[in-house]
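In full-length UniProt numbering, the protein residues as written are 1 to 939.
Structural data, given as structure tokens:
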């Protein structure tokens, strides 16, 4: 406090911004450890920091006070504290640059105030609208759609009565947050819902069409949908909305935005229709924007760029060759790669239209020579942009059109396609879209050979792409069409073997992906036969493409499942599945928007049994997921709140789902659960059923589908087939001692086992060793990201990791059991119907029969004890589920063997023996995934 007081005293001079910043840093450090909230508030008030902020005396004062307020807001212990600080936050936000570091800190806390303390009506709708708008700005800057959810959560439901003056702002704020969410997630359904929401409001439910805010938002939404789907009606609607606002004149608040949108829309209309009227109207709108001094710099930049392009189009009508050369020269001198790419694309557009309208052969030949220069520039631009550039899809489509239209040297065409495919190697959706646009599916032999190399990888990459169901089905169907087109080209040139291989690999993977998206697998033999028949139809020379694609759809419908049940029919009938389940009860749990239920198979059932779950729906699951993940993210600072949240969700799962679902299934039964609709991402094992927990009442196995659940899994193998892996380097936030102890003790349990102590750069060796052993135990940390599971990885050391992508591309046909003792190794995503992709899903899809993984960030000490006791039980001949359950009970009740406690600190051992680990957080995280059938019949 002395240091803080001295620093703040010296900061009284308005020019001493550096001292003031130092003072707030000291305050932040003290607050994180000892300084109470009341002291922070008194410091702010005593030294006039807020007064100086509101007076705007120095920007550093604004930023420093905002950081201090952000920390205070995060530490608020009551609704009153939060309300007081939120009021100050809203005032300070008005003085801050919207995307400054300080506003980021402040908004990160302000966005969670309502969720932590309940509805804060005293703050008022106007204040929440400001915070929601700024959170949406922050979501755009950080590419984080979760912030859009925070923004939407701050606002009341759209059926509640609101002040008439705030209704248009309220609708616009919601629509903007949803639009940004669509842009970040590429979810077309979100865009459709947003347009419907705004149109219903504009049709008279809440506001009238004359409102400029609503018209501006509708223009933006329709233009987005036009860019995504190419519907000309959307482009016309965007222009119609913009022209109404434009007619109101410069006094309207939305006038400039409407003009900017009109410029872009008219330019698109000209490119489609070549209408001179569109060209002139767009030019007039752009000049009007540039003539308004109050317009934002961003509006000026956008208008200037489009004006240059429109003027270039006007000039290109009379002298296209000169226009093309000028654009190529501008691209060489451009200040950024993105700007260069846009100039080259504009040149390509002019060139494509100019050849068709050339009046003499000499002029056409001159333009054709320019095509080569443009194609080479496009290839260089594709390489320079990198695969993350937003301009890349448009660039590749232009490149494909130009390469076909130029009819120039085949080497240039081949280089263009190779550059395009290379840049899209990890963006399969864009690559497949680009291949579709490439000459409308007409490939030369050289192009077909090149596509044959890339297409199987692109199709396989679809599995790792964050897709919703509709996008995934469309992409997989398109991939199949491309495979058929390319195979036909190859077969016509006598290359029958590569064509057959492409159909069996790429097209086979496509249909598997398509079935996976609706919750099933297909037999390799059946796929091979089906595509072999398709190939013979193609090579016979009598196949009709449209008829063939229709047969393809019939094939999908034939081997696909009933979407209501998600039961695989490709390889096994329902009766055979029940037979393979034996005494195991197979449960396929499906959660929809308007209704939920489950199908029960096995355990002597002659036909499926159906259970309705009227209290369960997707909205409730999404809310539970949001609460659960937020509490999990804050567990380090709000641990007691995390435990309470885990208890509440466990009770809700038991009451809503598992008590009615398993009412007729006796305790002690084996249950194979296939969770769909988001349920799989919740802590299922800790669900309370009656007086106990689900994991202790049943032999529970969670699986992505019943095909995997009915694979057979061996019991404990011979010792020489056991691999024990432990991390050598200290991971960030982890304890090296646990992994060393765990690896050493487990390897001694299996005398003759292989122990691998990881060194940097050994991830390839790890995958190789996993393939060689029947049973593997990985004692290492993991990082899981449920919002973007492709970023997940196993931590092998300080500077080394095994990414999920490498796991997913590996096969483990000989590996029956993998134990992952680290944190969140069983965390999955909830964005596809199978909802089972993560560390566990990657291993199961690669051939591993059964995986032991954790549902949340585990406690190091109790996890070590659970693992040691479980392996002791396994070596004694106890089955997998019983061994895990007995180990969990020992930790829960403090009856751990004394020799295990010797490896803990004294206080940890005392805490365990006194029953300190009774809460399921400490012992219930790990559970079995995959196969529910053991080869030797114990389970």
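Note that CB positions come from ideal geometry on N, CA and C, so glycine has one too.
- In this structure, the beta-carbon distance from residue 155 to residue 173 falls below 9 Å.
- Counting along the chain, no beta strand (DSSP E) covers residue 683, and no H or E run does either.
- In the structure shown, the three-state DSSP call for residue 610 is strand.
- Comparing alpha-carbon positions, the option among 499, 696 and 648 lying closest to residue 484 turns out to be 499.
- Distance check between residue 889 and each of 246, 913 and 904 places 913 closest, using alpha-carbon atoms only.
- When the five nearest sequence neighbours on each side are left out, the beta carbons in the same chain lying within less than 6 Å of the beta carbon of residue 490 are those of 448, 498 and 499, in order along the chain.
- By the criterion of a C-beta distance shorter than 7 Å, residue 278 is surrounded in its chain by 266, 269 and 270, once the five residues flanking it on both sides are discounted.
- Burial state of residue 261 is buried, judged by a 10 Å Cβ sphere holding 16 or more other Cβ atoms.
- Here the alpha carbons of residue 933 and residue 668 stand approximately 15 Å from one another.
- Scanning its chain for C-beta atoms nearer than 7 Å, with the 5 sequence neighbours on each side dropped, one finds around residue 621 the residues 591, 677, 678 and 679, in chain order.
- DSSP lists no beta-bridge partner residue for residue 665.
- Look at residue 916 here: in three-state DSSP terms it is coil, with no helix or strand label.
- For a cut-off of 8 Å, the C-beta gap from residue 776 to residue 827 is around 20 Å, too long to register as a contact.
- Boundaries of the alpha helix (DSSP H) harbouring residue 322: 320-333, taken from the DSSP string.
- Between the alpha carbons of residue 755 and residue 197 lies a distance of about 59 Å.
- Nearest C-alpha to residue 604 among 628, 700, 630 and 576: 576.
- For residue 764, the three-state secondary structure derived from DSSP is helix.
- Assignment of beta-bridge partners to residue 713 by DSSP yields 934.
- Under the three-state reduction of DSSP, residue 292 is assigned to coil, being neither helix nor strand.
- Between residue 587 and residue 672, the CB-CB gap stays under 9 Å.
- Counting along the chain, residue 650 sits inside the alpha helix (DSSP H) bounded by residues 639-653.
- The three-state reading of DSSP puts residue 793 in strand, counting E and B together.
- Per DSSP, the unbroken beta strand (DSSP E) holding residue 585 starts and ends at 585-591.
- Only residues of its own chain outside the window of five on either side were considered, and among them 909 have a CB closer than 6 Å to the CB of residue 901, listed in chain order.
- About 18 Å separates the beta carbons of residue 258 and residue 201, which is beyond the 8 Å limit, so they are not a contact pair.
- Collapsing the DSSP output to three states places residue 927 in a strand.
- Contact annotation: residue 191 and residue 143 have beta-carbon atoms that are not nearer than 9 Å.
- Nearest to residue 706 by alpha-carbon distance, out of 579, 816, 629 and 655, is 579.
- The C-beta of residue 877 has fewer than 16 other C-beta atoms within 10 Å across all chains shown, which makes the residue exposed.
- Per the coordinates, the alpha-carbon of residue 904 lies some 8 Å from the alpha-carbon of residue 861.
- DSSP, read as helix, strand or coil, puts residue 154 in coil.
- Only buried fits residue 282, as 16 or more other CB atoms lie within 10 angstroms of its CB.
- Residue burial annotation: residue 690 is exposed, with fewer than 16 other C-beta atoms found within 10 angstroms of its C-beta.
- Under the three-state reduction of DSSP output, residue 854 falls in the strand class.
- Contact annotation: residue 303 and residue 290 have beta-carbon atoms nearer than 9 Å.
- Taking C-beta atoms under 8 Å as the contact rule, residue 212 and residue 245 qualify, at a distance of about 5 Å.
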